[in-house]
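The structure appears right after this line, and notes come after that.
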Amino acid sequence: MSVENNTPIRTLVIFLTLLFALGCKPKPTEAGMATVPNRDTLVSYEPYELEFVRRPTDYNFLSPRTIDPAAYFPDTTNERYLPIRYLRVNFHLMNTSDTLYPYWGEAGWKYAREVVIHANNLLKKTPELWLTPDSMEVPALPRRLLLSLGRKAGTDDYAVYDHFDDELYHYLHDGKDRNRSDRDVINKYAIDKDSVLNIFVMGPPRDSLDRPSWRSPGTVGIFLGDAIKVTGWMESDRPPWEHRGNLVHEIGHALGLRHAWTSNDGCTDTPVHKNDFWTRPKAQRGPGKTSNNLMDYSNRQEALTPQQIGIMHFRMSDITGRQRKWLVPYWCRYNPHEAVRVTKDLNWEGARDFNSDIFVRRGSLLRINNRVHLPEGAAIHVDPGARLELGPKAIIHSDCGGQWAGIRVGVSSMGTRGEVVVNERAIIMNEA
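Okay, structure coming up:
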């Protein structure tokens with residue numbers, strides 16, 4: 248008996264066919280929920296044995312002969328590519344035995360802490376530059392630098408020290424009796440000078456304050472190679488924020504910056520100009536007219552060029568230099584939750600100090616051609632389809648007494664591997 252000639256059977260077949268079709272109809276998928284299966288997935292990371300590299304047991308780092316600011320430009324796509332730096336500072340509030348100035352004790356350390364807070368707020372900003380060289384676009388980049396006010400040894404007190412010294416309390420920036428370059432106060436009172444940038448806060452001598460003709464020089468200071476002297480706050484009632492520009496200006500000098508209005512500051516992105524902000528009428532000040540560069544003189548010391556930022560990070564990354572010793576060595580504390588993920592082609596010609604693992608992701612290239620520190624436990628992971636290159640100047644090490652975990656190559660389910668290419672002059676030290 249054929250189905251075609253049997254109406255009940257034919258009806259049943261049609262009904263079952265429709266029921267089956269409706270039952271197997273896929274559920275609608277919301278936008279963004281559909282996925283395409285990836286058949287070549289990461290399975291594991293395997294240790295990569297570096298064979299043709301140098302492995303010295305004792306190595307003396309050499310001071311760099313030239314500065315390449317571009318090698319230390321912050322990357323706006325991922326700020327982690329240039330590690331942030333925390334500069335340790337302390338303060339010495341110089342006073343007389345009869346407390347000529349009101350800032351000492353609680354009033355002193357609270358004021359100093361407020362100055363640091365405002366200085367850090369300035370460093371966090373990225374204001375546009377008012378003056379730039381002709382026909383040059385100069386971007387405003389993040390500074391990747393903050394100040395860290397330490398604590399006194401063995402206490403929870405801020406590292407703000409009171410000194411009552413009738414011979415060394417005062418500071419004169421100009422005039423025949425100026426003592427701005429005198430180091431006696433530094434030699435006597437500096438604390439942990441090799442690991443902390445000491446800042447001496449000083450006021451004018453008593454007899455200057457007593458003269459009707461005396462005028463305050465404002466907020467000024469000087470960097471003397473291993474410490475800073477500033478004036479303008481002990482004898483005045485200026486709010487703490489007014490000292491931020493002067494303080495960070497002097498710290499800029501401490502980190503290798505020169506005055507920006509000159510032709511010999513080492514930066515091609517800072518224009519030569521008259522530095523005449525204070526002598527101009529207010530109507531002739533502002534963008535395109537006067538400078539707001541941190542390393543010029545004005546009441547808007549705030550902006551930095553990429554090359555200026557690069558010079559500071561070069562100094563802070565020089566393992567032989569004084570500036571790196573002033574930093575909080577946070578890079579020694581391994582943090583597995585702050586991995587640096589390389590998701591584009593990068594060429595690190597500048598030194599780096601990381602506190603975490605590095606992951607070179609699929610389709611990306613990381614070339615290292617300078618010193619890179621990794622803490623104990625941290626590794627460089629090269630995903631399948633990614634490439635790591637170590638150039639002839641590459642030095643990978645752990646600077647904190649431990650052993651970094653080496654290079655690990657990712658292997659996929661289809662056998663794809665991460666690629667590692669090494670110049671035979673590259674140096675590997677402290678590898679587990």
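The number in the working numbering is simply the position in the sequence shown, starting from 1, with 247 added.
For every residue, glycine included, the Cβ atom is placed at its ideal position computed from N, Cα and C.
No experiment lies behind these values; they were computed from the predicted model shown.
For proline 294, three-class secondary structure by DSSP | Shown here, proline 294 sits in a strand according to DSSP, grouped into three states.
What separation, rounded to the nearest whole angstrom, lies between the Cα atoms of lysine 433 and phenylalanine 447?
-> The sequence shown places isoleucine at residue 433, not lysine. Their backbone Cα atoms lie some 8 Å apart in a straight line.
Taking the continuous alpha helix (DSSP H) assigned at glycine 355, which residues delimit it?
-> Glycine 355 -> alpha helix (DSSP H) spans 352–371.
Which runs of the alpha helix (DSSP H) spanning at least 4 residues fall entirely within the stretch 486–524, listed in chain order?
-> Every alpha helix (DSSP H) of 4 residues or more that sits fully in the stretch 486–524 is shown, in chain order, as 491–501.
Cβ contact (3+ pairs, closer than 8 Å) linking the stretch 593–606 and the stretch 614–623 = Verdict: yes, contact present.
Stretch pair the stretch 352–365 + the stretch 397–406: three plus CB contacts closer than 8 Å = Segments in contact, yes.
Any 3 or more C-beta pairs closer than 8 Å across the stretch 472–490 and the stretch 523–531 | Segment contact: the stretch 472–490 against the stretch 523–531, fewer than three CB-CB distances shorter than 8 Å; contact not assigned.
Go ahead and pull the three-state DSSP assignment for isoleucine 331.
-> Residue state, collapsed to three classes: coil.
What is the DSSP secondary structure of serine 659, counted as helix, strand or coil?
-> If DSSP states are grouped into helix, strand and coil, serine 659 belongs with the strands.
Taking the continuous beta strand (DSSP E) assigned at asparagine 445, which residues delimit it?
-> Following the DSSP letters along the chain, one finds asparagine 445 inside the beta strand (DSSP E) bounded by residues 444–449.
Could you tell me which uninterrupted alpha helix (DSSP H) segments, each at least 4 residues in length, are contained entirely in the stretch 388–458, listed from first to last along the chain?
-> Segments of the alpha helix (DSSP H) lying fully in the stretch 388–458: 431–436, 453–457.
Other residues of its chain near aspartate 473: CB distance less than 6 Å, five sequence neighbours each side excluded = Answer for aspartate 473: Lys440, listed in chain order.
Count the other CB atoms, across all protein chains shown, that sit within 10 Å of the CB of tyrosine 306; report buried if there are 16 or more and exposed otherwise.
-> With fewer than 16 Cβ atoms within 10 Å of its Cβ, tyrosine 306 is classed as exposed.
Relative to the alpha-carbon of valine 385, which residue among Arg427, Lys399, Arg335, Asp516 has its alpha-carbon at the smallest distance?
-> Out of Arg427, Lys399, Arg335, Asp516, Asp516 has the C-alpha closest to the C-alpha of valine 385.
Taking the alpha carbon of glycine 499 as the point to measure from, which residue in Arg390, Thr537, Tyr418, Pro459 has its own alpha carbon closest?
-> Answer by Cα proximity: Arg390.
Tell me histidine 339's beta-bridge partners as DSSP assigns them.
-> For histidine 339, which the question treats as bridged, DSSP gives the partners Tyr408, Phe447.
Quick one: what does DSSP say threonine 313 is sitting in, helix, strand or coil?
-> Residue state, collapsed to three classes: coil.
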